[in-house]
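1 is the number of the first residue of the sequence shown in my numbering; add one for each residue after it.
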Amino acid sequence: MRQYLHHNEFGCISRCRTGCCLHLYFGNVALCLKAAETADWCTTTARLYEQHAAVLPDAATRCITLPGPVACQAFVFNLEELFMLHDLLMGASLLLEAEAILSGDAAL
């Protein structure tokens with residue numbers, strides 16, 4: 001059984017069965033992320049949203065790009081999709097942080 005950390009209508013984040021990574025599913029894309037990478041993704045998606053939220057004439061236009069894991073690849077979003085991706089990442093990040101605190105693994 002898969003353990004979902006967070007989900008919304010755009011996708012979900014689940015923990016890998018072996019615990020080595022997180023599986024991020026959004027739209028028709030799936031990525032494997034190390035738990036420590038979620039903070040960087042949260043920062044990146046928040047920054048992109050802030051940059052584009054006030055200046056896009058049409059929030060439904062897919063014109064926001066996020067570089068992919070290899071050269072010549074990018075993920076393209078509209079403003080709502082980017083927000084939903086950020087929501088997935090933040091939800092998973094907060095749950096991982098809470099788990100670390102409760103297990104005593106977090107440095108306070």
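For every residue, glycine included, the Cβ atom is placed at its ideal position computed from N, Cα and C.
C-alpha distance - residue i paired with residue j, whole-angstrom precision
{"i": "A100", "j": "E9", "result": "27 Å"}
{"i": "A60", "j": "C21", "result": "32 Å"}
{"i": "A89", "j": "R17", "result": "In the sequence under discussion, the amino acid at residue 89 is Leu, which differs from the Ala named in the question. In a straight line, the C-alpha of L89 is about 19 Å away from that of R17."}
{"i": "D87", "j": "Q73", "result": "23 Å"}
{"i": "W41", "j": "F75", "result": "13 Å"}
{"i": "Q3", "j": "V29", "result": "19 Å"}
{"i": "L48", "j": "L102", "result": "32 Å"}
{"i": "P69", "j": "Y25", "result": "15 Å"}
{"i": "R15", "j": "Q51", "result": "30 Å"}
{"i": "G11", "j": "G104", "result": "30 Å"}
{"i": "G27", "j": "E80", "result": "12 Å"}
{"i": "A54", "j": "A71", "result": "29 Å"}
{"i": "L108", "j": "P57", "result": "Any reading at L108 is ruled out, since the residue's pLDDT is 48, under 50, leaving its predicted position unreliable."}
Nearest candidate by alpha-carbon position, reference residue i, set the options
{"i": "L96", "options": "A35, C63, A59 and C20", "result": "A35"}
{"i": "L31", "options": "L56, L94 and L85", "result": "L85"}
Nonlocal neighbours in the same chain, by C-beta distance under 7 Å from residue i, ignoring five residues either side
{"i": "A92", "result": "L5, H6, I13, L22 and T38"}
{"i": "M1", "result": "At M1, the pLDDT of 48 sits below 50, so the modelled position is not reliable; the number obtained from the coordinates is stated separately. Answer for M1: no residue qualifies."}
Spatial neighbours of residue i in its chain, beta-carbon cut-off 8 Å, leaving aside the 5 residues before and after
{"i": "T44", "result": "L66"}
Cβ-Cβ separation, residue j to residue i (assumed contact under 8 Å), whole Å
{"i": "F77", "j": "I64", "result": "5 Å"}
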